[in-house]
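Let me begin by presenting the structure, written as structure tokens, before commenting on it.
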Amino acid sequence: MARASVATSSTSVCQKTSSVPSGNCRCFAGDMARPLIILDRDGVVNHDSPLYVRSAEAWTPIDGAIEAIATMCRAGYDVVIATNQAGVAKGLIPVAELDQMHRKLEALVDAAGGQIARIYDCRHHPDHGCGCRKPQPGMLLKACLDFDQRPEAVCFVGDALTDMVAAARAGCQPVLVLTGKGQATQALAEFDPTIPVLGSLAEVPGWLARRGDATQRCPDIRTDGLRSCTPPPAPQ
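Offset between the sequence shown (1-based) and the working numbering: plus 9.
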């Protein structure tokens, strides 16, 4: 299976559109032919840290996450990552170290029989005001554009309220997992309780199978930016 590789162009990989600015939103190229699911990284795929995950050695997957990605690949999905990595702009994470973390993720998924189709990471400082850093929808819209998908046909799995808002702003289906910041997010007054909630990424493949029609649209978009959708039955 071909490994994804980082683009080396001197221009931004995430080209400017009406919604996505140029800058430090970088991505790793892969195949583009199947249904799409987008995952947050820290707190969803790997264990998070309040002081940032700063090295490949410190980057450790959450139980069942790698196998879940491989299962989704076998089920016909392109799996991509969309992650805020402001630690780069803050000087806390060397670019080479971030790339090594992503190589580690790719290698683990490859070994499990899957493939990360693409990785989008926004390396801007929170004060930069970019359109790609979540809760802005830029990375999600760029992924939908790159993979020729309508946003309403795409789920975005995250653990933070910023993930849920980014999904809603992009027109994607938000899905909350209770790993990482997930439990704290679910307890927030701003959280829409009709958003599907799963224990971890390990439960997502089964949820997708029960959900069935990947193009089902959830029409109610609340004025606060959080989508209101009827979830499938919770896992038993």
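Positions of the beta carbon are idealized from the N, C-alpha and C atoms, including for glycine.
Counting along the chain, valine 163 sits inside no beta strand (DSSP E), nor does DSSP assign it H or E at all. Classified as exposed, proline 103 has fewer than 16 neighbouring CB atoms from the shown chains inside 10 Å of its CB. Annotated three-state conformation of isoleucine 46 is strand, per DSSP.
As computed with DSSP, aspartate 87 is found in a beta bridge with Leu45. DSSP, reduced to helix, strand and coil, places glutamine 192 within a helical segment of the structure shown. Histidine 134 is a Cβ neighbour of alanine 95, given a cutoff of 7 Å.
Beyond the five residues adjoining it in sequence on each side, methionine 148 comes within less than 7 Å, by CB distance, of Cys34, Ala91, Tyr129, Cys131, Cys141 in the same chain, given in chain order. A distance of 7 Å or more separates the beta carbons of tyrosine 86 and isoleucine 47. Contact check for valine 184 against valine 163 fails: the beta carbons are separated by 7 Å or more. In this structure, alanine 211 sits near alanine 77, with a CB-CB distance shorter than 7 Å. In the three-state reduction of the DSSP assignment, alanine 126 falls in the strand class.
In the three-state reduction of the DSSP assignment, aspartate 172 falls in the helix class, which pools H, G and I. When the Cα atoms are used, methionine 173 and asparagine 93 turn out to be separated by approximately 14 Å. Annotation for leucine 185: the continuous beta strand (DSSP E) segment containing it runs 182 to 186. Bounds of any alpha helix (DSSP H) do not take in glutamine 94, whose DSSP letter is neither H nor E.
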